[in-house]
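Going left to right, the sequence shown walks through residues -15 to 445 as the numbering used here numbers them.
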Amino acid sequence: MSKYLLLLPPLSVAFLPIYLLYLKPAPPMPNVDLNRWWGSGAPKPSSSDVKPYTVKFGETVIKDLKERLKKHRPFTSPLEDVGFEYGFNSKALDTWVKYWTEQYDFAEREKFINQYPQYKTQIQGLDIHFIRITPPAPPGKEVVPMLLLHGWPGSVREFYEAIPYLTAVSEDRDFVLELIIPSLPGYGFSEAAAKQGLDPLQIAVVMRNLMHRLGFDKYYIQGGDWGAIITSNLATVFPEEVLGYHTNMPFSLSPVMSVFQLLGSIYPRMIVADHLASRMYPMSGHVSYLLEETGYLHIQATKPDTVGTALQDSPSGLLAYILEKFSTWTRKEHRALADGGLEFRFTKDQLLDNIMMYWSPRSIVTSMRLYSECFTKNYMSLKLDEIPTPVPTWTLQAKHELSYVPDIVLKYKYPNLVNSTTMEDGGHFLALELPQQFSENVLEAVKSFRQLQKKNAKTEL
Ligand SMILES: *[C@@H]1O[C@H](CO)[C@@H](O)[C@H](O)[C@H]1NC(C)=O
């Protein structure tokens, strides 16, 4: 046996990233059916009207909700000296249930939610709910459309505090943003699919069709959580329509990410700057954190309807299930606190508004099904994270986000990466937690995208 054989393992380790980055062909672009029908039964002729919509929780729903909250069976006491480590602390839950029943002002909150104009329109058999804000354009400013997408367990409510910043007119910019903020199908007040298969790519098609319905064939997109994955798919499949992509949660399931992650566990500096290394390493810490925190994902990706039945019947259960995520995903350390640190940067009203988006339209089961539709052979085999998109991209990664993707991986998926901003603050629900910082970064991104487009237009002349 030749001693040179010993060189084989290290050589192949070195070759693997080169192969993945430069030699492995990208998967084929998926063919999408722009008219696939998600409503019940066979496709029917449908209206393309866009109708104004007002959120109404409903008297009966409120009365029933209060009765259920009052009549809940006694919660099981938490173990001694325990915060949120075993899940939502039931002592804290008592406070929340009391507030929701006695102090949450349903009429006031409805008014608050309806402060922005909302609409519904039918796309591919589904009634899609969305907020649309068209700010008046002062002379010399161009109005440019942006699609903003939320994730789970969030809703359009996550963007409310950011909207005034995002739509502000400024001397520093020659544009004003027009915002389209839909509820994902099966979330909030958007209708849920009656058929299997409404995965993130198919939702991207629905959203693209919504933008066309409103008269936009070119637009900017922004998303976090599922919204990030859906908008990334949109940028991948409709690059000629997307003027720029901003995300506060870049995400990658590509082998490039896994290989670099592994390499970086040996030589972190190869992959990530020193001051950011703790966001990825030590890997053992991150892997055990993921194991501790992703049980919900496995359940929702396999049997959403079972646990969903309980959540849809019990408002205190729904509250615990959703707010546990707002605690831990904002700061890991909040798991050690008896109140989950929920009011560190959020108010009770903000978080209950979001829960009302699930309780009132009974959308928890259908929201959780998105996990099941994503973890399918069909969707996974599209390997969308491995198809590079030419769309100008800007990523914003908050310090306490659940995952961190280093630039080397971002550039593989988004070769036109204009900026990858890393923040030393903030968690998963960034638009809600730090609306001003979030919005400034989004506006900075659009400004750069526009400068790039002007430059490119000049060189083409
Ligand atoms: C990226 O954006 C941030 C925030 O606007 C800015 O501070 C930073 O200088 C930008 N980096 C590059 C390389 O343009």
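Note that CB positions come from ideal geometry on N, CA and C, so glycine has one too.
Spatially closest choice to residue i from the options, by CA coordinates
| i | options | result |
| --- | --- | --- |
| E155 | P122, L198, Y171 and L168 | P122 |
| V243 | V(-3), L(-11) and P184 | V(-3) |
| L227 | M130, D48 and L7 | M130 |
| I348 | R315, T360 and G301 | G301 |
| H230 | T443, R346 and N425 | N425 |
| P1 | L77, S167 and Q245 | Q245 |
| G248 | R263, P234, F235 and L237 | R263 |
| V190 | L63, P169 and W210 | P169 |
| Q420 | F143, T406 and W80 | F143 |
| V283 | Y305, S268 and G269 | The sequence shown places Ile at residue 283, rather than the Val named in the question. Considering only alpha carbons, the answer is Y305. |
| L18 | L182, A294 and K383 | L182 |
| Y149 | E277, L416 and M352 | L416 |
| L133 | I205, L198, P266 and A178 | I205 |
| Q334 | F359, L110 and L307 | L307 |
| A382 | T405, G135, L281 and P299 | T405 |
| S24 | D111, K50 and I115 | D111 |
| R141 | Q435, A429 and F330 | F330 |
Residue i beta carbon near ligand 1 (any heavy atom closer than 6 Å)
| i | result |
| --- | --- |
| E377 | Here residue 377 turns out to be Thr, not Glu, going by the sequence shown. No; taking the cut-off as 6 Å, the Cβ of T377 has no heavy atom of ligand 1 nearer than that. |
| T278 | no |
| T231 | no |
| N403 | yes |
| E86 | no |
| E428 | yes |
Ligand 3 heavy atom lying under 6 Å from the CB of residue i
| i | result |
| --- | --- |
| E408 | Summarising the ligand content, the structure contains ligand 1 and does not contain ligand 3. |
Where the alpha helix (DSSP H) through residue i begins and ends
| i | result |
| --- | --- |
| R434 | P419 to E444 |
| G211 | W210 to V221 |
| I250 | P239 to I250 |
| Y203 | Run containing Y203: none in the alpha helix (DSSP H); it sits in the beta strand (DSSP E), Y203 to G207. |
| Y70 | Note, Y70: premise wrong, no alpha helix (DSSP H); not H, not E. |
| T278 | Neither: T278 is in no alpha helix (DSSP H) and is coded neither H nor E. |
| H188 | Sequence inspection shows Ala at residue 188; the His mentioned does not correspond to that position. Looking at the DSSP string, the run of the alpha helix (DSSP H) that includes A188 is P184 to R197. |
| E308 | P299 to T312 |
Counted within 10 angstroms of its Cβ, other Cβ atoms place residue i as buried (16 or more) or exposed
| i | result |
| --- | --- |
| Y6 | exposed |
| G279 | exposed |
| S311 | buried |
| L(-11) | exposed |
| D201 | exposed |
| Y273 | exposed |
| G411 | buried |
| M364 | exposed |
| A146 | buried |
| V337 | In the sequence under discussion, the amino acid at residue 337 is Asp, which differs from the Val named in the question. Result: buried. |
| L77 | buried |
| Q186 | buried |
Span of the beta strand (DSSP E), counted from its first residue to its last, around residue i
| i | result |
| --- | --- |
| F90 | Taken as a continuous stretch (DSSP letters only), F90 belongs to no beta strand (DSSP E), being part of the alpha helix (DSSP H) at F90 to I97. |
| F159 | F159 to P166 |
| G172 | It is not in any beta strand (DSSP E) - G172 carries neither H nor E in the DSSP assignment. |
| Y229 | V226 to T231 |
Legend entry - Whole runs of the alpha helix (DSSP H) within the stretch 334 to 413, excluding any shorter than 4 residues: The qualifying runs are 348 to 358, 361 to 364 and 391 to 397.
Legend entry - Length at least 3, wholly inside the stretch 30 to 58: the beta strand (DSSP E) runs in chain order: You should have 34 to 37.
Inset, instruction - Could you tell me which uninterrupted alpha helix (DSSP H) segments, each at least 4 residues in length, are contained entirely in the stretch 75 to 152, listed from first to last along the chain? - result: Runs of the alpha helix (DSSP H) spanning 4 or more residues and lying entirely within the stretch 75 to 152 occur at 90 to 97 and 147 to 150, in chain order.
Inset, instruction - Identify every run of the alpha helix (DSSP H) within the stretch -13 to 16, keeping only runs that are complete inside it and at least 4 residues long; order them along the chain. - result: If you keep only unbroken alpha helix (DSSP H) runs of at least 4 residues inside the stretch -13 to 16, you get -8 to 2.
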